[in-house]
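Notes for the one structure printed next.
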Amino acid sequence: MNEKPLKEQSIDELYRNEEKTNKDFIRNSIVMIFIVGISIFVTAEKGFGLITFLPILSSYSILSSYFKLKNIRDEIKSRLINLKQ
Numbered sequence: 332m333n334e335k336p337l338k339e340q341s342i343d344e345l346y347r348n349e350e351k352t353n354k355d356f357i358r359n360s361i362v363m364i365f366i367v368g369i370s371i372f373v374t375a376e377k378g379f380g381l382i383t384f385l386p387i388l389s390s391y392s393i394l395s396s397y398f399k400l401k402n403i404r405d406e407i408k409s410r411l412i413n414l415k416q
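Counting with the numbering used here, you get residues 332 to 416 for the letters of the sequence shown.
Rendered as C-alpha cells:
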C-alpha cells in the first residue's frame, strides 16, 4: 500500500503515522539489541564470521524507521509553527 506524501496528510494522519512509526522504531531497536548481543556472544565463542557482521547488514530497518520518524516530526513541527502564525 502506498502512503500519501507527508505534505498531503492531515495533522491527524501525521500523528497516527508518528505513533505507528515510533512503535516500529522501538521494536526494531529491541530486535537490533538482541542481534548485537547474539553477535557478541557468538564472536566471543567462535571468532569472527558472518554472524559478526549481521548487525551491520540488518541495520537498514532501524535507520529507515528513524529517518521516517524524523521526517514526520519535522512536518508536524512545521505545520504547528504555521498554525501559530
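The beta-carbon is built from N, C-alpha and C at its ideal position, and this holds for glycine as well. From a predicted model like this one, the values you see are computed outputs, not experimental measurements.
- Message: Mapping the DSSP letters down to three states, classify glycine 380 as helix, strand or coil.
- Response: Coil, per DSSP.
- Assign serine 370 to one of two classes, buried (16 or more other C-beta atoms within 10 Å of its C-beta) or exposed (fewer than that). Buried, since its Cβ has 16 or more Cβ neighbours within 10 Å.
- Message: Can you tell me where the alpha helix (DSSP H) holding serine 396 begins and where it ends?
- Response: 391-415
- Task: Report the residue from Glu376, Ile403, Leu385 whose alpha carbon sits nearest the alpha carbon of glutamine 340.
- Result: Ile403
- Message: Three Cβ pairs or more, each shorter than 8 Å: is that satisfied between the region 388-400 and the region 340-357?
- Response: yes
- Between which two residues does the alpha helix (DSSP H) harbouring leucine 337 extend? Note, leucine 337: premise wrong, no alpha helix (DSSP H); not H, not E.
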